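All residue numbers for the sequence shown refer to the numbering used here, where the first residue is 603 and numbers rise by one. Glycine residues also receive a C-beta, built at the ideal position from the N, C-alpha and C atoms. None of these values were measured; they are calculated from a predicted model.
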Amino acid sequence: MPRILFVYTSVNTNLKGGQTGWYLPEAAHPYYRLAPHADIDFASPAGPNPPVDEGSVKTFKDEESVNFLKDPTVTAKFNHAKKLSDVNVADYDAVFYVGGHGPVIDLATDPVNITMASKFWAANKIVSAVCHGPAALVGVTDPKGQSIFAGRRFTGFSNLEEEQAQAVDTIPFLLEDKIKELSGKYEKAAEPWGAKVVVDGKLITGQNPASAAPIGDALLKALKA
Numbered sequence: 603m604p605r606i607l608f609v610y611t612s613v614n615t616n617l618k619g620g621q622t623g624w625y626l627p628e629a630a631h632p633y634y635r636l637a638p639h640a641d642i643d644f645a646s647p648a649g650p651n652p653p654v655d656e657g658s659v660k661t662f663k664d665e666e667s668v669n670f671l672k673d674p675t676v677t678a679k680f681n682h683a684k685k686l687s688d689v690n691v692a693d694y695d696a697v698f699y700v701g702g703h704g705p706v707i708d709l710a711t712d713p714v715n716i717t718m719a720s721k722f723w724a725a726n727k728i729v730s731a732v733c734h735g736p737a738a739l740v741g742v743t744d745p746k747g748q749s750i751f752a753g754r755r756f757t758g759f760s761n762l763e764e765e766q767a768q769a770v771d772t773i774p775f776l777l778e779d780k781i782k783e784l785s786g787k788y789e790k791a792a793e794p795w796g797a798k799v800v801v802d803g804k805l806i807t808g809q810n811p812a813s814a815a816p817i818g819d820a821l822l823k824a825l826k827a
C-alpha cells in the first residue's frame, strides 16, 4: 500500500494569544477517505500529540470528526507522531498538510519542514495541503530554487474567508496574497466556504474545511495513477 505522511502544526496559540492548532475535519475527513487504501503516519515539528484547534472540535460534530478524536488507531498515531527532523522522505509516496491557523505560524518558516517538503517535491512525490496547510509550502522550492507555486494553479483559504472568520490579525500573512506573490495562480470556489480542490501535477490543494473530504478523494486518485 502507498504511504502518506500527515503533517500537523505544533502551535497552540495565535498572534493574538487565542487558542489554535490543527483543524479537526481537515484531518478527519481525508484520513477516513485514505486509511482503507494507504498506510498513514503522523508528524509535526515537536512530535507526539500536536494540539487540535478547540474551536473546530466544538464546531464539527459530524461522525468522522467525532470518531477521529476517539479512534484508538488515530490516538496511537498521535502518541507516536514523528518529529519532522526524524522523517525519512524515501519512506513515503505523498505528504499532506492539515490546516488550521497553526501552520501559518510555525510550518511556514520552519527550516526542517521546508527542507523536508522540498525533498518530497524533488523526488516527484505528491505534495498536498488543505485550507491553511499550503502556508507550510511557501518556503518550499524546486531543485532550481524556484517556488513550487510559481506558474502553478493552487487554492487555499481565501482573503474573504479570513475576513469573514475575523482572523486576519491572528496570523503573520494572508495565504492567498502570499502565494500570489510567489507567482502562484490562485483559484477558489464560486462562493466563500464552498468546496474547491485544485490538482496541478503533483501539487494538490484544497481551499477550506468543506474541501477536506474532496482533497482526500483527489489524493487517493493521484496515488492510484
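Please determine, among the options, the residue with the shortest C-alpha to C-alpha distance to residue i.
i	options	result
ARG755	PRO632, THR661, SER730, ALA629	SER730
LEU822	TYR625, TYR634, CYS733, ILE781	TYR634
GLY702	THR615, ALA792, ASN681	THR615
ASP688	PRO674, ASP712, PRO647	PRO647
LYS746	GLY623, ASN761, ALA724	ALA724
LYS804	ALA820, ALA797, VAL714	ALA820
MET603	ALA696, TYR788, PRO705, THR757	ALA696
ALA710	VAL609, ARG605, SER667	VAL609
LYS663	ASP655, LEU636, PRO627	PRO627
ASN761	GLY619, PRO794, PHE680, THR622	PRO794
GLN621	GLU789, ALA637, PRO653, ALA797	PRO653
LYS780	ALA678, ALA738, PRO811	ALA738
ALA792	THR675, ASN810, ALA629, THR661	ASN810
LEU825	GLY741, GLY619, ALA629, HIS639	HIS639
TYR699	LYS790, THR677, ALA812, ALA629	ALA629
LEU636	GLN768, GLY741, THR772, VAL676	VAL676
Looking only at its chain, what residues have a beta carbon closer than 8 angstroms to the beta carbon of residue i, apart from the 5 residues adjacent to it on each side?
i	result
SER785	SER749, PHE751, ALA752, GLY753
Would you say residue i and residue j are within 8 angstroms of each other, going by their C-beta atoms?
i	j	result
ALA645	LEU686	yes
VAL732	ILE817	yes
GLY758	PRO774	no
ASP708	SER612	yes
HIS734	VAL714	no
LEU777	VAL770	no
LEU607	TYR694	yes
ILE806	ILE716	no
GLY623	GLY704	yes
ALA812	ALA827	no
What are the boundary residues of the beta strand (DSSP E) that residue i is part of?
i	result
GLY808	805-808
VAL714	From DSSP, VAL714 is part of no beta strand (DSSP E) but of the alpha helix (DSSP H) over 713-724.
ILE728	728-732
VAL697	696-699
Which residue marks the beginning of the alpha helix (DSSP H) containing residue i, and which one marks its end?
i	result
ILE817	814-826
LEU777	777-783
ARG635	626-636
SER658	656-661
ALA678	674-681
VAL801	It is not in any alpha helix (DSSP H) - VAL801 instead sits in the beta strand (DSSP E) that spans 799-802.
ASN761	761-766
In terms of DSSP beta bridges, what is residue i paired with?
i	result
GLN621	THR615
ILE642	ILE606
LYS684	ALA645
ARG754	Beta-bridge pairing links ARG754 to no other residue.
Sorted by chain position, which residues of the same chain lie with C-beta nearer than 7 angstroms to residue i's C-beta, five sequence neighbours on each side aside?
i	result
VAL691	MET718, LYS721, PHE722, ALA725
HIS631	GLU666, ALA814, ALA815, GLY818
GLU764	VAL770, LEU776
THR772	ASN616, LEU617, LYS618, GLY620, HIS703
To which residues of the same chain is residue i closer than 6 angstroms at the C-beta, ignoring the five residues directly before and after it?
i	result
VAL801	ALA820
PRO650	ASN681, ALA683
GLY808	VAL732, VAL799, ILE817
TYR625	ASP655, SER658, GLY701, GLY702
TYR788	GLU778, LYS782
ASP712	PRO647
GLY741	ILE716
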